[in-house]
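Here's the structure we're looking at; comments come further down.
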Amino acid sequence: MNNVIRPTFGTRPKTDAPSPPAAEHRALRIFGQAAGYTVALIQDDDDRTGPALKVVVGPTTGNEVEAVAILPALPEGEADADVVGMAILRTLEVIEAAGHDPEIA
Numbered sequence: 001m002n003n004v005i006r007p008t009f010g011t012r013p014k015t016d017a018p019s020p021p022a023a024e025h026r027a028l029r030i031f032g033q034a035a036g037y038t039v040a041l042i043q044d045d046d047d048r049t050g051p052a053l054k055v056v057v058g059p060t061t062g063n064e065v066e067a068v069a070i071l072p073a074l075p076e077g078e079a080d081a082d083v084v085g086m087a088i089l090r091t092l093e094v095i096e097a098a099g100h101d102p103e104i105a
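First residue of the sequence shown: 1, per UniProt numbering; consecutive thereafter.
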């Protein structure tokens, strides 16, 4: 999570500490693929704040994903995750279509 903005108040960020190894997760749901990316939902039971649902996006070819939304592992969180995942997938579809059709911009 080196892309998270944190206040440093004039100090330099520490780069000495290696990132922890990525945990293996099984997708609960794959929303789909568009523009070379896959959008999926995973459950992370090791989250610092308790079990969480994460909407993740990553290149279609590869095993690396990044969380774009983190929600509580509750029925309400799952409903919200479905909305977020489908919105991200639709956005990628629009981007993909714009790259192929000059009339969509």
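We treat Cβ as the ideally placed atom computed from N, Cα and C, and that holds for glycine.
If you're wondering where the values come from, they're calculated on a predicted model, not measured in any experiment.
- Boundaries of the beta strand (DSSP E) around V56: 52-59.
- If you ignore the 5 residues before and after I70, its C-beta comes within less than 7 Å of the C-beta of A52, K54, all in its own chain and listed in chain order.
- Taking C-alpha positions only, A73 is separated from G99 by approximately 36 Å.
- DSSP places G32 in the uninterrupted beta strand (DSSP E) bounded by 27-34.
- When DSSP states are grouped into helix, strand and coil, L71 belongs to the strand group.
- Nearest C-alpha to D45 among L89, M86, V65, L28: L28.
- Distance from the Cα of H25 is smallest, within the candidate group E64, A34, G50, G32, for E64.
- Under the 10 Å beta carbon count, T91 is surrounded by fewer than 16 other beta carbons and is classified as exposed.
- With contacts defined by Cβ atoms closer than 8 Å, V56 and V68 form a contacting pair.
- The beta carbon of A81 sits closer than 6 Å to the beta carbons of L41, L53, V55, L71 from its chain, once the five residues preceding and following it are set aside; these are given in chain order.
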